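Novice: Please read through the structure below; I'll follow up with questions.
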Amino acid sequence: MMKTLTQVLKSKRAQAEPIIVPYIMAGDGGLETLGETISFLEKNGVSAIEIGVPFSDPVADGPVIQKAGLRALNAEVSLRKIIKTLQTITSNVPLVLMTYFNPVFQIGIEAFIDELKNTTVGGLIIPDLPYEHQALLTPYLEKADIALVPLISLTSSKERIEKIVNKAEGFIYAVTVNGTTGTRHTFDENVGPYLQQIKSQTDIPVLAGFGVSEVKHVEQFMQVCDGVIIGSKIVQLLHERKEAELAKFLTSIREVKVRA
Numbered sequence: 000m001m002k003t004l005t006q007v008l009k010s011k012r013a014q015a016e017p018i019i020v021p022y023i024m025a026g027d028g029g030l031e032t033l034g035e036t037i038s039f040l041e042k043n044g045v046s047a048i049e050i051g052v053p054f055s056d057p058v059a060d061g062p063v064i065q066k067a068g069l070r071a072l073n074a075e076v077s078l079r080k081i082i083k084t085l086q087t088i089t090s091n092v093p094l095v096l097m098t099y100f101n102p103v104f105q106i107g108i109e110a111f112i113d114e115l116k117n118t119t120v121g122g123l124i125i126p127d128l129p130y131e132h133q134a135l136l137t138p139y140l141e142k143a144d145i146a147l148v149p150l151i152s153l154t155s156s157k158e159r160i161e162k163i164v165n166k167a168e169g170f171i172y173a174v175t176v177n178g179t180t181g182t183r184h185t186f187d188e189n190v191g192p193y194l195q196q197i198k199s200q201t202d203i204p205v206l207a208g209f210g211v212s213e214v215k216h217v218e219q220f221m222q223v224c225d226g227v228i229i230g231s232k233i234v235q236l237l238h239e240r241k242e243a244e245l246a247k248f249l250t251s252i253r254e255v256k257v258r259a
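As structure tokens, this is what we get:
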């Protein structure tokens with residue numbers, strides 16, 4: 000059975016709309032603001048929301064998100080507390096939880112998935128869980144409406160990409176840089192062909208992430224994939240309480256034309 004996250008994003012694509020997924024750090028500014036932030040982003044037309052879990056050793060995160068994670072950790076935010084908060088929040092767009100594997104292991108994989116069933120989380124990203132070890136989670140996800148979102152890097156071989164996309168759910172997180180998250184102005188010339196290669200092998204929506212921070216980036220990537228994930232810019236604007244600027248930015252990228 001197709002997971003809800005996949006259905007929602009495919010519907011966006013069918014309507015020729017760019018798929019826009021903002022990333023936020025849960026607990027940056029206090030967990031009591033999480034529901035308000037989700038509601039704000041939902042009202043501004045996003046397709047789904049990626050919710051980051053603060054972690055002491057975030058190997059995939061750049062400086063902006065690292066600082067947000069530290070602020071949340073200093074406020075004693077944890078995966079358990081985030082899940083309890085999410086159980087009290089209703090969202091009309093799918094939520095995608097991004098966490099490293101250690102906090103999940105500490106809770107217990109089965110207990111973790113069971114707790115998520117009582118939330119509107121429809122996707123799960125674990126950047127330090129290799130594709131070869133996904134079987135640690137997949138048995139518990141079979142009866143849950145939660146997609147395990149795969150990441151594909153620029154250095155992935157054609158054979159590895161083929162293996163990953165064949166079992167993909169939700170969307171494919173196509174990492175557009177070799178390194179950590181963070182705003183940037185340009186991308187390697189190989190990114191376009193790389194995204195086209197992934198998209199040619201799957202019907203699952205392909206989203207470009209890492210470094211996406213300007214309207215021109217969205218315009219560039221919407222020629223070769225289905226949408227974008229935007230993290231550092233969103234996190235920074237929320238931290239600086241520049242909601243009006245963020246709303247204007249989200250409006251601009253929603254208006255980007257999708258390649259026919």
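Numbering (numbering that gives the first Met the number 0), first residue to last: 0 to 259. Heads up, the beta-carbon is just placed ideally off N, CA and C, and yes, glycines get one too. Bear in mind the structure is a predicted one, so any value in this text is a computation, not a measurement.
Starting from E158, trace the alpha helix (DSSP H) in both directions and tell me its first and last residue.
Specialist: First-last of the alpha helix (DSSP H) with E158: 157-165.
Novice: Determine the direct distance from the alpha carbon of A134 to that of E16, and round the result to whole angstroms.
Specialist: Their Cα atoms are separated by approximately 33 Å.
Novice: Taking one C-beta from the region 91-100 and one from the region 44-57 each time, how about it: are there three or more such pairs within less than 8 Å?
Specialist: The region 91-100 is in contact with the region 44-57.
Novice: Taking Cβ to Cβ, would you say G29 is nearer than 8 Å to P53?
Specialist: Result no, Cβ atoms of G29 and P53 do not sit closer than 8 Å.
Novice: Is A146 closer than 8 Å to T5 when the C-beta atoms are compared?
Specialist: Yes, they are a contact pair.
Novice: Please classify A25 as buried or exposed, where buried requires at least 16 other C-beta atoms within 10 Å of its C-beta.
Specialist: By the 10 Å Cβ count, A25 comes out buried.
Novice: Using a Cβ-Cβ cut-off of 8 Å (strictly less than) and excluding sequence neighbours within five positions of Q196, which residues of its own chain qualify?
Specialist: If we look at Q196 and ignore the five residues flanking it on each side, its Cβ neighbours are K157, I160.
Novice: Nearest-angstrom Cα distance between L136 and S152?
Specialist: Each residue's alpha carbon lies about 21 Å from the other.
Novice: Could you check what DSSP says for L237 in three-state terms: helix, strand or coil?
Specialist: The answer is helix: DSSP assigns L237 an H, G or I state.
Novice: So the candidates are L206, L245, G210; which of them puts its Cα closest to the Cα of K11?
Specialist: Closest option to K11, Cα to Cα, is L206.
Novice: Three-state secondary structure (DSSP) at Y172?
Specialist: The answer is strand: DSSP assigns Y172 an E or B state.
Novice: Pull the bridge partners of E218 from the DSSP assignment, please.
Specialist: Paired residues: none, contrary to the question.
Novice: Three or more C-beta pairs under 8 Å: does that hold for the region 220-227 against the region 241-249?
Specialist: With a cut-off of 8 Å, the region 241-249 and the region 220-227 do not count as touching, because too few Cβ pairs lie within range.
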